[in-house]
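Okay, structure first, notes after.
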Amino acid sequence: MIHKDVLMRQIQQMTEALAQALALISDGRTDEAQHEIAEALDDLTDPGTLPLRERPVSDTIAHCTTRGALSIDLALQVADMLRHQGDLLRRHDQFEAALRSHVRALALYQALLAESNADTPLPLDIHDRMAHLNDAIDPERLHDDERAAVDLS
106 MIHKDVLMRQ
116 IQQMTEALAQ
126 ALALISDGRT
136 DEAQHEIAEA
146 LDDLTDPGTL
156 PLRERPVSDT
166 IAHCTTRGAL
176 SIDLALQVAD
186 MLRHQGDLLR
196 RHDQFEAALR
206 SHVRALALYQ
216 ALLAESNADT
226 PLPLDIHDRM
236 AHLNDAIDPE
246 RLHDDERAAV
256 DLS
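Read in my numbering, the sequence shown has 215 at position 110, and its numbers run on one by one without any break.
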């Protein structure tokens, strides 16, 4: 029960942080939105460790896995956060950091599709989100582990 409570709290925190970041983006306060997203993603990792976008792709998926199964809600929230983080970093000409965020978001979306079935509640536009990421990712700039972790076809 405690583990489920922690998971639900993480999902709630990510949902609130994403809503706050999107509100900041719509107000043109992109630096604050970027900070909000980074802070929320940092809350998923141990203090003093690398941000998710700088870790192996498998670590990002592992952070959204509970008892051997992908947490659909948490993975979706983290993927959305990473996607928006990448978009914001790209706006600020931080292309390498944006690429790292985008690849991890795409890996999570692909994992979500792989784990889902007809009863899994996924956003109707998940394929559009993935297409956006495919367009944003330059395969020539991927690290070997990133290239192996995502399907860019």
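For every residue, glycine included, the Cβ atom is placed at its ideal position computed from N, Cα and C.
Shortest alpha-carbon distance to ALA241 belongs to which of SER221, LEU149, LEU211 and GLN215?
Position 136 of the sequence shown holds residue 241. Cα-wise, what sits closest to ALA241 is LEU211.
According to DSSP, LEU175 sits in a beta bridge with which residue or residues?
The residue given as residue 175 occupies position 70 in the sequence shown. Partner(s): THR170.
Under a three-way DSSP split, which group does VAL111 fall into?
Your numbering for residue 111 matches position 6 in the sequence shown. Three-state DSSP puts VAL111 in a helix.
Looking at the unbroken alpha helix (DSSP H) that takes in LEU204, where does it start and where does it end?
Mapped onto the sequence shown, residue 204 falls at position 99. Here the alpha helix (DSSP H) through LEU204 covers 200-220.
Straight-line CA distance for ASP230 to LEU204?
Taking the first residue of the sequence shown as position 1, residue 230 is located at position 125. Taking the first residue of the sequence shown as position 1, residue 204 is located at position 99. Cα to Cα, the separation comes out at about 21 Å.
Which stretch, first to last residue, makes up the alpha helix (DSSP H) that contains ILE242?
Locating residue 242 in the sequence shown gives position 137, counting from the first residue. No alpha helix (DSSP H) contains ILE242, which DSSP labels as neither H nor E.
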